[in-house]
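Undergrad:
2 protein chains.
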Amino acid sequence: MFESAEIGHVIDKETYDREVPALREALLEAQYDLHQQKRSAVIVLINGIEGAGKGETVKLLNEWMDPRLIEVRTFDSQTDEELAHPPAWRYWRQLPAKGRMGVLFGNWYSQMIQGRVHGRFKDAVLDQAINGAERLEKMLCNEGAVIFKFWFHLSKKQMKARLKALKDDPLHSWRISPLDWQQSETYDRFVRFGERVIRRTSRDYAPWSIVEGVDPYYRSLTVGKILLEGLQAALNEPKTKVRATHVAPLAEVQDGLSLLDCLDMTQQLEKDDYQEQLITEQARLSGLMRDKRMRRHALVSVFEGNDAAGKGGSIKRVAAALDPRQYSIVPIAAPSEDERAQPYLWRFWRQIPGRGKFTIFDRSWYGRVLVERVEGFCTPADWMRAYGEINDFEEQLRDAGVIVVKFWLAIDKDVQLERFHEREEIPFKRFKITEEDWRNREKWDVYRKAVCDMVDRTSTEIAPWTLVEANDKRWARVKVLRTINEALEAAFEKSDKKHKK
Amino acid sequence: MFESAEIGHVIDKETYDREVPALREALLEAQYDLHQQKRSAVIVLINGIEGAGKGETVKLLNEWMDPRLIEVRTFDSQTDEELAHPPAWRYWRQLPAKGRMGVLFGNWYSQMIQGRVHGRFKDAVLDQAINGAERLEKMLCNEGAVIFKFWFHLSKKQMKARLKALKDDPLHSWRISPLDWQQSETYDRFVRFGERVIRRTSRDYAPWSIVEGVDPYYRSLTVGKILLEGLQAALNEPKTKVRATHVAPLAEVQDGLSLLDCLDMTQQLEKDDYQEQLITEQARLSGLMRDKRMRRHALVSVFEGNDAAGKGGSIKRVAAALDPRQYSIVPIAAPSEDERAQPYLWRFWRQIPGRGKFTIFDRSWYGRVLVERVEGFCTPADWMRAYGEINDFEEQLRDAGVIVVKFWLAIDKDVQLERFHEREEIPFKRFKITEEDWRNREKWDVYRKAVCDMVDRTSTEIAPWTLVEANDKRWARVKVLRTINEALEAAFEKSDKKHKK
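These protein sequence lines map, in sequence, to chains A and B. At position 370 of the first sequence the residue is numbered 370 (full-length UniProt numbering), and the sequence of numbers has no breaks. At position 383 of the second sequence the residue is numbered 383 (full-length UniProt numbering), and the sequence of numbers has no breaks.
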């Protein structure tokens with residue numbers, strides 16, 4: 001695969017000097033147009049052989065274009081805050097906003113290839129990482145990103161010559177590569193695994209460009225032209241979304257019968273039973289959150305439900321069991337301007353707790369397939385792909401030890417009406433009922449359909465939905481607490497086993 | 001001072017049960033009203049004696065009020081990202097947005113008192129910290145915050161009894177206090193220094209409330225009532241700003257003569273000299289940024305100047321000397337929604353580089369006393385106090401090893417006109433000239449006055465302004481580079497001396 005990059009293309013200085021001015025001007029123009037459109041973020045991934053001119057090329061791009069709209073990021077060693085979060089968290093926090101360009105060194109590809117070269121893991125893990133990268137990039141493109149992936153290449157001989165030259169250059173001595181490139185075997189392994197990665201992750205929407213690194217003129221012009229072409233294409237035609245590959249058609253609710261219909265909505269608890277069970281479950285939760293094993297985990301719970309189903313009340317009962325320093329409650333409303341300039345999941349990634357902590361989402365990323373779907377705030381293609389993206393997101397959380405517990409609090413339509421009236425009458429609760437609640441109520445059936453699809457498609461083994469019969473608030477609150485406790489215990493047991501092995 | 005808190009007020013359960021419902025309702029109402037107004041952030045500082053009920057009270061407030069609008073933060077050990085930044089950075093990144101409430105444990109007072117109790121520093125440093133806290137709080141209040149400072153108190157005897165009781169309670173065994181409260185002397189020192197801090201930092205706009213901690217009913221009602229009163233006051237009357245104490249009247253520019261008039265605007269460089277000097281200074285900068293001593297520092301440079309003065313071009317020449325992984329360029333435009341929900345300086349604090357890094361601000365916090373002053377985007381009181389706040393901000397940066405270099409790029413009015421026309425004519429540069437630039441030009445004299453005042457009031461010893469004669473772009477670029485280099489060298493020498501001592 002890399003053979004063509006080892007031919008040794010050379011461009012003479014005259015040609016270079018002749019072509020550069022127009023290229024720079026065009027690049028700059030494209031950059032400003034993209035900035036004005038604010039429709040796309042540009043993500044440039046820089047990978048390849050040591051000494052092949054990665055740094056120099058990026059430096060040049062900063063000179064050619066407006067560096068005020070470019071963010072160059074390196075991901076070397078992880079900070080302790082990064083280590084306390086899922087691996088992808090560090091990339092999410094550094095994504096460029098729409099209208100800007102992010103150049104990422106040491107990105108997900110560097111991490112997976114280096115890990116494999118070092119022998120930290122085998123091919124199976126590499127393949128998982130490859131799949132993860134593909135899903136991430138597909139999602140980013142669907143959210144409007146334009147992705148460029150550059151692989152700077154050198155033959156082994158060229159690399160050795162280059163490293164020797166760099167060694168004598170005091171300006172370069174300070175850079176420390178995580179791999180020992182002096183070893184011939186490092187090169188071979190790097191190229192072998194690099195090839196595997198490239199072959200598997202080259203896609204229409206995010207293709208790899210392999211750039212010969214030997215001749216700076218050739219290298220610079222090549223990269224500049226590829227960028228220009230890509231940027232202009234993104235400017236000229238409104239991006240077609242990447243088709244989700246595995247979206248089965250949504251099942252029609254048969255004869256109006258769905259999971260929600262199977263709930264026994266008459267479930268309830270007497271006051272005395274409630275008091276007793278509530279206190280028991282709260283004490284249990286309090287103990288579990290103090291358990292030493294909690295330091296290996298984080299806890300996320302998601303509260304969704306009909307309006308007036310009692311999300312707030314349930315959250316309060318959970319919070320009441322805990323030291324306020326241990327948890328955060330994140331209420332999700334319409335996204336802010338900064339949030340709209342990022343991919344949909346960005347604002348949730350920001351709020352993912354570090355180890356030992358607990359974040360309660362009052363409404364969540366499921367807004368995409370509920371309110372945004374129903375109200376038409378996003379296109380059908382957007383919410384259709386969201387199921388897979390969300391499952392992927394939650395899988396990443398779970399893989400990093402984050403326990404995810406999701407509740408749908410269900411009430412009957414007449415119970416909702418009762419509660420709406422009650423809210424209107426009690427001055428103390430009047431803030432809880434708005435015009436919007438009444439409007440949503442009119443869409444009861446559409447929302448119901450959306451809920452069924454959501455539960456159907458995102459109730460995974462690692463993060464199942466718990467449907468909560470919430471006509472009786474007491475029943476709902478105890479069920480919520482008990483479910484969280486059971487999830488914590490199951491996770492602790494599982495990690496006990498893992499650690500015993 | 002604490003005597004009154006040791007009397008041992010007690011409230012019986014009946015009184016408590018009678019008073020709580022109305023208090024809760026009123027607190028909740030005040031909380032929602034504040035949330036709707038979105039005019040103020042509420043900051044609650046929690047301090048005092050171990051075992052005096054700090055955690056319990058905050059837990060209770062979370063139950064009484066809507067916990068979704070409350071953020072509880074603890075500042076225990078610093079993360080490595082926090083350690084790489086000035087001390088106040090960790091507080092800035094955790095400030096609640098307008099409309100929300102932040103409850104801060106382990107805040108600036110805890111840090112300063114614990115430091116002094118541990119003997120990590122003497123009274124002089126404590127007094128500096130006290131002054132810093134006062135300036136911070138004054139600024140926060142002026143930015144709309146409502147600050148409550150609670151000191152939970154116990155007599156030594158009460159504390160010992162309480163700690164004994166807690167020791168036997170398994171629910172409390174996991175909390176580790178940074179101080180050894182079992183030692184009688186710890187208590188004495190804590191109370192002594194606590195008293196000193198409280199006496200010096202109790203102000204109308206941010207008063208201390210000393211709360212007897214022994215009786216939970218008394219404690220809870222007292223805190224609830226103080227909060228309610230403060231919130232209602234904030235809701236009912238538009239906040240009067242805290243008067244800046246040391247604002248001398250702005251000097252009138254005598255006969256139109258100012259520092260700007262003293263510049264020799266004919267300064268220029270021939271092309272050959274320019275090329276040579278530019279390369280020399282770039283190489284020098286490149287070397288300095290690679291210097292090991294840079295690891296102890298961070299570098300911030302601020303570019304302000306007339307429109308078309310060549311800020312962008314100068315920034316490019318600086319950037320061209322560096323590895324793109326070492327610097328970030330932050331262009332400052334109108335604040336986003338999230339930024340407007342925070343104190344003015346928040347968005348700049350966010351961008352302060354960690355050790356070893358360099359951030360270039362293309363326009364900056366000085367917008368407050370330039371465009372915001374001239375265009376009336378803030379009140380005169382706001383920009384008048386900004387001088388002091390900015391000096392304080394830069395002092396904090398400098399104290400933490402951040403080198404601050406500030407440039408005003410000055411051009412003559414006719415040179416600006418020339419450049420505007422040039423920009424309009426060259427398609428390549430058309431994006432650089434807008435209607436707004438022409439409008440700003442009409443306010444030339446008003447801006448000039450604002451610049452003079454700015455330089456006059458914020459050219460401090462630690463962060464002086466460098467006025468750059470920019471009619472000749474070459475001269476300006478070389479002067480900018482040379483100034484940065486000199487600042488770096490001076491800082492390195494100074495820290496060499498300090499480390500030799």
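Think of the CB as a built atom: it goes at the ideal place given N, C-alpha and C, for glycine as much as any other residue.
Would you report the Cα separation of residue 484 of chain B and residue 123 of chain A, rounded to the nearest angstrom?
TA: Start at 1 with the first residue of the second sequence, and residue 484 of chain B comes out as number 484. Start at 1 with the first residue of the first sequence, and residue 123 of chain A comes out as number 123. Each residue's Cα considered, the two are about 49 Å apart.
Undergrad: Who are the near neighbours of residue 253 of chain A in its chain, counting only those whose CB is closer than 6 Å to its CB and skipping five residues on each side?
TA: Stepping through the first sequence from its first residue, residue 253 of chain A is reached at position 253. The predicted position of residue 253 of chain A is uncertain, since its pLDDT is 49 and thus under 50; no value can be drawn from it.
Undergrad: Please identify the residue among A:407, A:286, A:157 whose C-alpha is closest to the C-alpha of residue 324 of chain A.
TA: In the first sequence, the residue the question calls residue 324 of chain A occupies position 324. Of the listed residues, the one whose Cα sits closest to residue 324 of chain A is A:286.
Undergrad: Pick helix, strand or coil for residue 420 of chain B, following the three-state DSSP scheme.
TA: Numbered from 1 along the second sequence, position 420 holds the residue referred to as residue 420 of chain B. In this structure, residue 420 of chain B counts as helix in the three-state DSSP scheme.
Undergrad: Please determine, among B:378, B:109, B:69, B:70, the residue with the shortest C-alpha to C-alpha distance to residue 87 of chain B.
TA: Counting from 1 along the second sequence, the entry for residue 87 of chain B is found at position 87. Here the closest residue by C-alpha is B:109.
Undergrad: Determine the direct distance from the alpha carbon of residue 149 of chain B to that of residue 9 of chain B, and round the result to whole angstroms.
TA: Sequence index remark: in the second sequence, residue 9 of chain B carries index 9 (1-based). Sequence index remark: in the second sequence, residue 149 of chain B carries index 149 (1-based). Approximately 20 Å, taken between the alpha carbons.
Undergrad: Pair every Cβ in the stretch 291 to 303 of chain B with every Cβ in the stretch 350 to 369 of chain B, then say whether three or more of these pairs are closer than 8 Å.
TA: Contact holds: three or more Cβ-Cβ distances are below 8 Å.
Undergrad: For residue 293 of chain B, tell me which candidate among B:24, B:64, B:490 has the shortest Cα-Cα distance.
TA: Within the second sequence, residue 293 of chain B is the residue found at index 293, counting from 1. Nearest of B:24, B:64, B:490 to residue 293 of chain B, Cα basis: B:490.
Undergrad: Mind listing the chain A neighbours of residue 32 of chain B? Cutoff is C-beta to C-beta under 8 Å, in chain order.
TA: As a position in the second sequence, residue 32 of chain B is number 32, starting the count at 1. Here the neighbours are 431.
Undergrad: Within this structure, are the beta carbons of residue 11 of chain B and residue 215 of chain B separated by less than 8 Å?
TA: Residue mapping note: residue 11 of chain B aligns to position 11 of the second sequence, counting from 1. Residue mapping note: residue 215 of chain B aligns to position 215 of the second sequence, counting from 1. Yes, they are a contact pair.
Undergrad: Assuming residue 48 of chain A is part of the beta strand (DSSP E), what are its boundary residues?
TA: The residue given as residue 48 of chain A occupies position 48 in the first sequence. Counting along the chain, the beta strand (DSSP E) containing residue 48 of chain A begins and ends at 42 to 48.
Undergrad: Excluding five sequence neighbours on each side, which residues of the same chain lie with their C-beta closer than 7 Å to the C-beta of residue 178 of chain A?
TA: By 1-based counting over the first sequence, the position of residue 178 of chain A is 178. Counting only Cβ-Cβ distances below 7 Å, and skipping sequence neighbours, we find 114.
Undergrad: Just to confirm, are residue 193 of chain A and residue 52 of chain A a CB contact at a threshold of 8 Å?
TA: Residue 193 of chain A sits at position 193 when you count from the first residue of the first sequence. Residue 52 of chain A sits at position 52 when you count from the first residue of the first sequence. Contact: no.
Undergrad: Could you compute how far the alpha carbon of residue 80 of chain B sits from the alpha carbon of residue 107 of chain B?
TA: As a working mapping, residue 80 of chain B is identified with position 80 in the second sequence. As a working mapping, residue 107 of chain B is identified with position 107 in the second sequence. C-alpha separation (whole angstroms): 18 Å.
Undergrad: Would you call the CB atoms of residue 74 of chain A and residue 133 of chain A closer than 8 Å?
TA: Position 74 of the first sequence holds residue 74 of chain A. Position 133 of the first sequence holds residue 133 of chain A. No, they are not a contact pair.
Undergrad: Taking the alpha-carbon positions, what's the residue 49 of chain B to residue 496 of chain B distance?
TA: The residue given as residue 49 of chain B occupies position 49 in the second sequence. The residue given as residue 496 of chain B occupies position 496 in the second sequence. So the two alpha carbons sit approximately 42 Å from each other.
Undergrad: Can at least three beta-carbon pairs, one atom from the stretch 450 to 465 of chain A and one from the stretch 381 to 393 of chain A, be found at a separation below 8 Å?
TA: Because the criterion of three Cβ pairs below 8 Å is met, the stretch 450 to 465 of chain A and the stretch 381 to 393 of chain A touch.
Undergrad: What number of angstroms, rounded off, separates the C-alpha of residue 230 of chain A from the C-alpha of residue 340 of chain A?
TA: Mapped onto the first sequence, residue 230 of chain A falls at position 230. Mapped onto the first sequence, residue 340 of chain A falls at position 340. Taking the straight line from one Cα to the other gives about 23 Å.
Undergrad: Is the stretch 301 to 320 of chain A touching the stretch 13 to 33 of chain B, taking contact as three or more C-beta pairs under 8 Å?
TA: Taking 8 Å as the limit for Cβ pairs, the verdict is that the stretch 13 to 33 of chain B does not touch the stretch 301 to 320 of chain A.
Undergrad: Under three-state DSSP, which class holds residue 190 of chain B?
TA: Position 190 of the second sequence holds residue 190 of chain B. In the structure shown, residue 190 of chain B sits in a helix (DSSP, three-state: H, G or I).
Undergrad: Since residue 216 of chain B is in the alpha helix (DSSP H), which residue starts that stretch and which ends it?
TA: As a first step, residue 216 of chain B must be located in the second sequence, where it is residue number 216. Taken as a continuous stretch (DSSP letters only), the alpha helix (DSSP H) holding residue 216 of chain B covers 216 to 236.
Undergrad: Would you mind sorting residue 416 of chain A into buried or exposed? The rule is 16 or more other CB atoms within 10 Å of its CB.
TA: For the purposes of this step, residue 416 of chain A is taken as residue 416 along the first sequence, with counting starting at 1. The residue is buried, with at least 16 neighbouring Cβ atoms inside 10 Å.
Undergrad: Looking only at DSSP bridge pairs, what is residue 10 of chain A linked to?
TA: Here residue 10 of chain A is taken as the residue at index 10 of the first sequence, counted from 1. BP columns for residue 10 of chain A are empty, so no partner.
Undergrad: Any idea what DSSP makes of residue 331 of chain A, helix, strand or coil?
TA: Residue numbering aside, residue 331 of chain A sits at position 331 when the first sequence is read from its first letter. Three-state DSSP puts residue 331 of chain A in a strand.
Undergrad: Could you confirm whether any beta carbon from chain A is found closer than 8 Å to the beta carbon of residue 145 of chain B?
TA: Locating residue 145 of chain B in the second sequence gives position 145, where the first residue counts as 1. Cβ-Cβ to chain A under 8 Å: no for residue 145 of chain B.
Undergrad: Looking at the structure shown, is residue 92 of chain B part of a helix, part of a strand, or coil, going by DSSP?
TA: Taking the first residue of the second sequence as 1, we reach residue 92 of chain B at position 92. In this structure, residue 92 of chain B counts as helix in the three-state DSSP scheme.
Undergrad: Look up residue 298 of chain B in the DSSP assignment and give the residues it is bridged to.
TA: What you label residue 298 of chain B is simply residue 298 of the second sequence in a count that begins at 1. Residue 298 of chain B pairs with B:402.
Undergrad: Please list the residues of the stretch 80 to 112 of chain A that have a C-beta atom closer than 8 Å to any C-beta atom in chain B, keeping them in chain order.
TA: Against chain B - using a Cβ distance shorter than 8 Å - the residues of the stretch 80 to 112 of chain A are 80, 81, 103, 105.
Undergrad: Nearest by alpha-carbon distance to residue 161 of chain B: which of B:441, B:119, B:181, B:289 is it?
TA: As a first step, residue 161 of chain B must be located in the second sequence, where it is residue number 161. The candidate whose alpha carbon is nearest that of residue 161 of chain B is B:181.
Undergrad: Go to residue 362 of chain B, then tell me how far its beta strand (DSSP E) extends in each direction, as first and last residue.
TA: As a position in the second sequence, residue 362 of chain B is number 362, starting the count at 1. Residues 358 to 362.
Undergrad: According to the Cβ coordinates, are residue 45 of chain A and residue 136 of chain A closer than 8 Å?
TA: Taking the first sequence and counting its residues from 1, one reaches residue 45 of chain A at position 45. Taking the first sequence and counting its residues from 1, one reaches residue 136 of chain A at position 136. No, they are not a contact pair.
Undergrad: For residue 118 of chain B, which option in B:464, B:183, B:473, B:423 has the closest C-alpha, if you only look at C-alpha atoms?
TA: Walking along the second sequence from the start, residue 118 of chain B turns up at place 118. Nearest option by C-alpha distance: B:183.
Undergrad: At which residues does the beta strand (DSSP E) containing residue 74 of chain A begin and terminate?
TA: Along the first sequence, read from residue 1 onward, the residue named residue 74 of chain A stands at position 74. 70 to 74 is the extent of the beta strand (DSSP E) around residue 74 of chain A.
Undergrad: Please confirm whether residue 144 of chain B and residue 233 of chain B have their CB atoms less than 8 Å apart.
TA: Working through the second sequence from its first residue, we reach residue 144 of chain B at position 144. Working through the second sequence from its first residue, we reach residue 233 of chain B at position 233. Contact flag unset, no.
Undergrad: Closer than 7 Å by beta-carbon distance: list the chain B residues that pair up with residue 207 of chain A, in chain order.
TA: One-based indexing of the first sequence puts residue 207 of chain A at position 207. Here the premise fails: no neighbours, minimum Cβ distance about 23 Å.
Undergrad: Along the stretch 50 to 73 of chain A, what residues have a CB closer than 7 Å to any CB found in chain B?
TA: Per Cβ criterion, the list reads 55, 58, 59, 62, 63, 67, 68, 71, 72.
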